[in-house]
Ligand SMILES: C[S@@+](CC[C@H](N)C(=O)[O-])C[C@H]1O[C@@H](n2cnc3c(N)ncnc32)[C@H](O)[C@@H]1O
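Residue numbers (the numbering used here): 75 to 307.
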């Protein structure tokens, strides 16, 4: 698939099917304070045209897109480990946005920008071709029930949108604790000729991805976690 024949906007995506639900959830006082004090500096308003990432981050650096950072625990950890990279992070859950802003303040991080918006639309409209050096999708909503499987993020039409935004040599790293979804990730990414698997099947957890509280709990309960890491040729 080439950029010319298959721009993200031209890839059919089931209309109205979202990979998330807008969950209720209270924003704490600390998160609200972080929103007020740090929001103006670290949040980027969604726009329907390609953003100038050098301007957004105030520097030229390889940019990693994170989709669905939840409360931002892994995000802040990884951004701290890799100050030389920019992290453009999408989440639709407002308390999560507040939580990541709070971590940015506490850890003195400079290399994160947050877009509080559907990442599928960000891919469609806000990113220019080949601007991404990597994509992180950690524990995306598993949509367990068969009738909800269509809401899973990692599907062929989504990857077809993502690929033109990824530079050659850029990577896609997904992790999940739901085995059927892990298999789906592996199948969908393996089927894409522009991508190569960095491992034989599932990948060992890259050292930069921390074991979060949620994951540690799962491991204690005997649940598995699967990572997949593919690179664009
Ligand atoms: C199960 S949580 C995992 C959060 C985090 N990555 C972690 O490992 O704890 C999935 C998150 O993805 C977010 N999400 C799902 N689809 C999204 C989309 N299209 N754009 C932005 N965020 C999305 C949800 O709001 C939710 O917070």
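Where a beta carbon is used, it is the ideal one built from N, C-alpha and C, also for glycine.
Which residue from the options puts its Cα closest to that of residue i?
i, options, result
"residue 191", "93, 254, 303", "93"
"residue 185", "123, 139, 281", "139"
"residue 127", "146, 115, 187, 220", "187"
"residue 210", "169, 179, 279, 133", "279"
"residue 305", "286, 238, 269, 290", "269"
"residue 174", "110, 228, 302", "110"
"residue 253", "155, 90, 135, 214", "214"
"residue 288", "251, 261, 124", "251"
"residue 168", "134, 195, 242, 145", "145"
"residue 119", "159, 199, 143", "199"
"residue 244", "298, 97, 208, 229", "208"
"residue 239", "262, 258, 212, 206", "206"
"residue 176", "235, 113, 123", "113"
"residue 121", "195, 286, 106, 299", "195"
"residue 137", "271, 273, 246, 257", "246"
"residue 132", "292, 161, 142, 222", "161"
What residues match up with residue i in a beta bridge as DSSP calls it?
i, result
"residue 137", "160, 206"
"residue 187", "162"
"residue 300", "250"
"residue 226", "DSSP, once it has assigned bridges, lists no residue as partnering residue 226."
"residue 305", "245, 270"
Let me confirm a value: residue i is counted as buried when at least 16 other C-beta atoms fall within 10 Å, else exposed. Which label applies?
i, result
"residue 76", "With a pLDDT of 40 at residue 76, under the threshold of 50, the modelled position of that residue is not reliable, and the figure given next carries that caveat. By the neighbour-count rule (16 or more Cβ atoms within 10 Å), residue 76 is not buried but exposed."
"residue 108", "buried"
"residue 155", "exposed"
"residue 295", "exposed"
"residue 102", "exposed"
"residue 95", "exposed"
"residue 274", "exposed"
**Request:** Report the residue ranges of all beta strand (DSSP E) runs contained in full by the segment 231-291; include only those spanning at least 3 residues, in chain order.
**Result:** 240-250, 269-271
**Item:** Closer than 6 angstroms to ligand 1: residues, by C-beta to nearest heavy atom, in chain order
**Value:** 93, 94, 141, 142, 143, 144, 148, 164, 165, 166, 167, 170, 192, 193, 194, 212, 213, 214, 215, 227, 286, 288
**Item:** Every unbroken alpha helix (DSSP H) within the segment 95-144, with a cutoff of 4 residues, ordered by chain
**Value:** 103-116, 127-131
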